[in-house]
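Heads up: the structure comes next, in structure tokens.
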DNA sequence: TAATTTTGTATCGTGAACGATATAAATATA
DNA sequence: TATATTTATATCGTTCACGATACAAAATTA
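Residue numbers (the numbering used here), protein chains in the order written: chain A, 116 to 262; chain B, 116 to 262.
Below is the structure:
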């Protein structure tokens, strides 16, 4: 029995579980907007800056285009984004929000922060703990990205 | 532009990204053992205690049986576990390690901790930071599990 | 400018996750 | 003990992730 191979000693398992469970907590809230969690991430990217090529969106989310392309195709079917070939560089697909996609921002603002606050209100972590957690996660993310 | 909807302010996005990137870092190492990351998690559960029903494995990993069942079926095809109906309760499938599955423990011990140490050696986090991070993640996990 | 390389996106196949549903076995209840 | 309920697992459909590959457009080089 190797200590290093104990599930309870794995940071990665905690990250994996925490990530899945938080995403699960988002799901019922996002369902009201008829979107999934990865689609919500794409929307946040576009709400910050509308009209971006697929590559920029993928890079911002640390995903590959072969993940993002079908995601965007589904979002286009839902009528929340449109994709148009760039005239400057015909290889690029420029992704833009539709009116419906833009309208979701207000709806998200009204439901998501409050809803997630409710989900996590019994969590003993304080404001500073969350800030600290964010810093540590950023360290790990940067380390692996630059490896 | 709502601060609450900025990608950079999302704890969840950090968890999601950190989890994916760490799993990616595991992948080349696990490939030497011809297993995936979720399969490695199942193996850790079985190395701790061989011969468990599907439910117990799923519960330990905070997964549903509809995720674990196909995972186990693939592992059975690979010849690292076997599933046998319990004679006490014929509904239960008891999952056990094969000789090959048991042998993987030694191989995992020899390659994974060293390999991951190498991957993360440039990470500025100290031993105590990792311990702290683990505690905070456990808080979040427990909060959501008990909601 | 012709040939080569790089870049941006898409397609394909596999393995998760997970909601919804199905089914048989075990347990509880009438 | 017959019926209803619960439990353990499996199946199905959809949506990610992601490695491998394909292909056209752009950039580079010969």
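C-beta: ideal position from N, C-alpha, C; glycine also.
In the displayed model, residue 239 of chain A falls within coil according to three-state DSSP, outside both helix and strand. With respect to the 8 Å criterion, residue 182 of chain A and residue 169 of chain A are not classified as neighbours on the basis of their beta carbons. With respect to the C-alpha of residue 165 of chain A, the residue from A:261, A:212 and A:243 having the closest C-alpha is A:212.
The beta-carbon distance between residue 173 of chain B and residue 130 of chain A, rounded to whole angstroms, is 19 Å. This is too long to meet the 8 Å contact definition. The Cβ atoms of residue 252 of chain A and residue 159 of chain B do not sit closer than 8 Å to each other. A direct Cα-to-Cα measurement between residue 260 of chain B and residue 232 of chain A gives close to 15 Å. Bounds of the alpha helix (DSSP H) holding residue 214 of chain A are 214–234.
The Cβ atoms of residue 144 of chain B and residue 230 of chain B lie closer than 8 Å to each other. Scanning chain A for C-beta atoms nearer than 8 Å to the C-beta of residue 260 of chain B yields 136, reported in chain order.
Contact of residue 228 of chain B with chain A by beta-carbon distance below 7 Å involves 119. Boundaries of the beta strand (DSSP E) harbouring residue 198 of chain B: 196–200, taken from the DSSP string. With distances taken between CA atoms, residue 241 of chain B lies nearest to A:254 out of A:210, A:254, A:167 and A:241.
Residue 137 of chain A: member of the alpha helix (DSSP H) spanning 126–147, first to last residue. Apart from sequence neighbours up to five positions away, the residues of its chain that approach residue 184 of chain A with a beta-carbon distance below 8 Å are 169, ordered along the chain.
Using a 10 angstroms sphere on the CB of residue 237 of chain A, the tally of other CB atoms stays under 16, which defines it as exposed. Residue 207 of chain A sits in coil when the DSSP states are folded into three classes, being neither helix nor strand.
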